[in-house]
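Novice:
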Amino acid sequence: MSEQEGKNENVTKTTAKEDKKTSLAREIWEWVYTLAIAIVIAMLIKGFIFDIVRVDGSSMFPTLVDNDRLIVTKLGYTPKQGDIIILDSEYKNREEYFDRLAESKDKEELSSFEKFFAQSSMPSNLKKKYYVKRIIAMPGQTIDLVDGKVYVDGEMLDEPYYDGLTTSIDPTVEYPITVDDDCVFVMGDNRTRSKDSRSSELGQVPFKAILGKSQVRIWPLSDIGLTK
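Quick note on full-length UniProt numbering: the sequence shown kicks off at 1 and runs consecutively.
1. Would the stretch 163-176 and the stretch 205-225 be scored as touching if the rule is three or more Cβ pairs under 8 Å?
2. What did DSSP end up calling Asp-88 once you bin it into helix, strand or coil?
3. Use the C-beta contact count for Ala-36: other C-beta atoms within 10 angstroms, 16 or more gives buried, fewer gives exposed.
4. Thinking just about the alpha-carbon of each residue, which of Leu-145, Tyr-161, Lys-213 is nearest to the one in Arg-198?
5. Along the chain, where does the beta strand (DSSP E) that runs through Met-187 open and close?
6. According to the neighbour-count rule (16 or more other Cβ atoms, all chains shown, within 10 Å of its Cβ), is Gly-188 buried or exposed?
7. Helix, strand or coil for Ile-177, going by three-state DSSP, please let me know.
8. Is it right to say Gly-6 is buried, meaning 16 or more other beta carbons lie within 10 angstroms of its own, or is it exposed?
9. Are at least three pairs of beta-carbons, each pair with one atom in the stretch 66-85 and one in the stretch 214-223, less than 8 Å apart?
10. Kindly list the residues whose CB is nearer than 7 Å to the CB of Asn-8, restricted to its own chain and excluding five residues on each side of it in sequence; keep chain order.
11. Near Lys-80, what residues of its chain come up, given a Cβ to Cβ distance below 6 Å and the 5 sequence neighbours on each side ignored?
12. Could you check if Val-11 is buried or exposed, using at least 16 other CB atoms within 10 Å of its CB as the buried criterion?
13. For Phe-61, which residues in the same chain have their Cβ closer than 6 Å to its Cβ, ignoring the five residues on either side in sequence?
14. For the pair the stretch 100-116 and the stretch 162-170, tell me if three or more CB-CB distances fall below 8 Å.
15. Take the Cβ of Arg-94 as the centre, count every other Cβ of all protein chains shown within 10 Å, and call the residue buried at 16 or more, exposed below.
16. Could you give the DSSP three-state label for Tyr-33: helix, strand or coil?
17. How big is the Cα-Cα spacing for Ser-214 and Ile-85?
18. May I have the straight-line CA-CA distance separating Gln-4 from Thr-22, to the nearest angstrom?
19. What does DSSP give as the partner residues of Thr-142 in its beta bridges?
20. So what does DSSP say about Asn-8, is it helix, strand or coil?
21. First and last residue of the beta strand (DSSP E) that includes residue 235?
22. Roughly how many angstroms lie between the CA atoms of Gly-82 and Gln-141, to the nearest whole one?
23. Can you name, in chain order, every residue of its own chain whose Cβ lies under 6 Å from the Cβ of Tyr-151, other than the five neighbours on each side?
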């Protein structure tokens, strides 16, 4: 083999190694890029279209029980009377926290960007805590509790999901109550074991605190079906 041929062979081997490294780097980059896109899409779907939540407790018994898994739709949901919804029980307290924070910075209101970063230093008791409840009354409707029955706008509410008595659970809450604009009045189906709008601690639920509507129970497998 001539000296020139040896040089050409070395150049060819070097080029092949470089091409292999470049190809591997490109393959890794494409894999990372694809994974990043998939994660972003999954986060968007989970954040804006639907979510899966776990029932914690017995406040919706017998309709739902502890550890049931539900598919919750978010996108385009408009609250309706009778719907089973998932709500953020700490929404009101968190907004008050943001208001105090804005006041300390001489601002009328925090931007969405500021609220996002403020959550990292927020007290743990103000972070999102999900409740599953049923909408009993809509904005402008008047709710009353008479002889253990629920009345909405003067008519007794038909509640096939509950056959017990519904009573007040908070002596500071007076009836009848007219539901505020952009709010709903909610209760759990298990009235004796539910902290809901009958309590001043939760009260009427703003639309902004509603995360979505429970559509389907997917666990346990023996109870798969629509939730209503």
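Glycine included, C-beta positions come from ideal geometry on N, C-alpha and C. Source: prediction; values computed, not measured.
Specialist: Concretely, from the data shown:
1. no
2. strand
3. exposed
4. Leu-145
5. 183-187
6. buried
7. strand
8. Its pLDDT being 49, under 50, Gly-6 is placed unreliably by the model, and nothing is read from it.
9. yes
10. The predicted position of Asn-8 is uncertain, since its pLDDT is 49 and thus under 50; a value taken from the coordinates is nonetheless stated next. Once the five neighbours on either side are set aside, Asn-8 has no close Cβ partner at all.
11. none
12. Note that Val-11 has pLDDT 48, beneath the 50 cutoff, so the model's placement of it is unreliable and no number is given.
13. Asn-190
14. no
15. buried
16. helix
17. 6 Å
18. Any reading at Gln-4 needs caution, since the residue's pLDDT is 49, under 50, leaving its predicted position unreliable; the model's value is listed next. Rounded to the nearest angstrom, the two C-alpha atoms are 27 Å apart.
19. Thr-178
20. Low local confidence applies: a pLDDT of 49 at Asn-8 is under 50, so the model's placement there is unreliable, and no value is given.
21. In the structure as shown, the chain begins at 1 and stops at 228. Residue 235 is therefore absent and cannot be evaluated.
22. 13 Å
23. Asp-144
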